[in-house]
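Chemist: Residue numbers 0 to 135, in the working numbering, belong to the letters of the sequence shown in order.
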Amino acid sequence: MIALVTTLESSGIDRYSKELAKRLGIPTVETRRYLSLKNSLRLLYTLRQCPYLVHFPSQHFGRYGLFLGKPFIVTVHDVARIWFPFAKETMPEKLGLKLDGLGLRKAQHIVAVSKCTKIDLMRHLNIPARKITVIY
């Protein structure tokens, strides 16, 4: 069984995660996308207690996979922010994006939303093609 992390905001990725969980009828772990250190640790604790394989709905949850202590899956929509960060990012943002990239490398499997995303993952993050499934 898989548990999907769903986010409480209302952007496209947030709606995607909620709709996917609803259609698949799978357990969810609800969280916000942008978390303080304290809330990040709470999320990690909750995910570590989860008896199911964890599926993160966005590449920006890759950072949590690094500390999860068990296999996980990530859906990657785009690696632009990870590979080409904004010029004026804060140090915590830069660190988070670096951890996201490392987490993607550690994922048991990656769901890529396009062939271009798969190519970017292989080219920029050196992720083997066998670990990536394209869904569109």
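Think of the CB as a built atom: it goes at the ideal place given N, C-alpha and C, for glycine as much as any other residue.
(1) How would you write the range of the alpha helix (DSSP H) that L42 sits in, first residue to last?
(2) When DSSP builds the beta bridges, which residues end up paired with A111?
(3) Tell me the residue span of the beta strand (DSSP E) that contains I1.
(4) Select from T132, Y33, L96, S57 the residue whose C-alpha is nearest the C-alpha of L3.
(5) What number of angstroms, rounded off, separates the C-alpha of R22 from the C-alpha of L36?
Modeler: Let me lay it out:
(1) It spans 36–48 - the alpha helix (DSSP H) in which L42 sits, taken as one unbroken run.
(2) According to DSSP, A111 bridges with V75, V133.
(3) 1–6
(4) S57
(5) Across the structure, R22 and L36 are spaced so that their CA atoms are roughly 32 Å apart.
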